[in-house]
Amino acid sequence: MDELRWYLYDLVREIMEKHGIEETACSLEAVREGAVCLIPSDHGFLVSGGGDEDSEQEDFYRGCRELFLRIFKDDETAETAMQEFLTRTLDLPVIMEGPSVSGLEARIRKCQEEMEALEKKALGPDGQKWKAKLNLDRIYLEGLLKNLKDTDKKRYEKIKTEII
């Protein structure tokens, strides 16, 4: 299910970009100040921000509908975006054959966090053991970055500046 979620996030981001919505206007992973957020919760998906009360939606489609309504503030544009989303989900079997950009970004960020922790441990008394793991993580990170670059150069350039 986790991998499917990343592909769905990719579709939502694509639609937002197509309609000229800044990436900062929306968050799909965490509640962020000033953004309309769609995040997994215990009972489905929580939609918050956009001037409305938080709303618990039972599934991803209803969550996207609420997200689009809050982002676009125009029923017609929100409806168009939702139709695009629903149509594109029919392409999921084909889309899922390639890597998910959102999934790659999440793995890159997690790897970066783990590397930062390993760098601290490498300074300690057992340093050599941690340096070896750190070197392996660097190789893994390079592979993830190459995969992202091959998949989406624009997102690659953005994340490259974030992690350096």
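Just so you know, this note's numbering puts -9 at position 2 of the sequence shown, and the rest follows in order with no gaps. By construction, the Cβ of each residue, glycine as well, lies at the ideal position given by its N, Cα and C atoms.
Between Gln72 and Asp139, what straight-line distance do the alpha-carbon atoms span, to the nearest angstrom?
If I take the Cα positions, the gap works out to 29 Å.
Once DSSP output is grouped into helix, strand and coil, what is the label at Val20?
Look at Val20 here: in three-state DSSP terms it is coil, with no helix or strand label.
Please confirm whether Leu75 has its beta-carbon closer than 8 Å to some beta-carbon of chain D.
Absent here is chain D; the protein component of the structure consists of one chain.
Host beta strand (DSSP E) of Gly116 (start-end):
Run containing Gly116: none in the beta strand (DSSP E); it sits in the alpha helix (DSSP H), Gly116 to Thr140.
Whole-angstrom distance between Ala111 and Glu65, CA atom to CA atom
Cα to Cα, Glu65 sits roughly 56 Å from Ala111.
Over the uninterrupted alpha helix (DSSP H) stretch that includes Glu42, give me the two end residues.
Looking at the DSSP string, Glu42 is not in any alpha helix (DSSP H); the run it does join, the beta strand (DSSP E), is Asp41 to Gln46.
Short Cβ contact (8 Å threshold) for Arg59 with Gly38:
For the 8 Å CB-CB criterion, Arg59 and Gly38 form a contact.
Coarse secondary structure for Met(-10), derived from DSSP in three states:
Confidence is the limiting factor: at Met(-10) the pLDDT is only 49, short of 50, which leaves the residue's position unreliable and the question unanswerable from this model.
Using a 10 Å radius around the Cβ and a threshold of 16 neighbouring Cβ atoms, would you call Arg96 buried or exposed?
It counts as buried.
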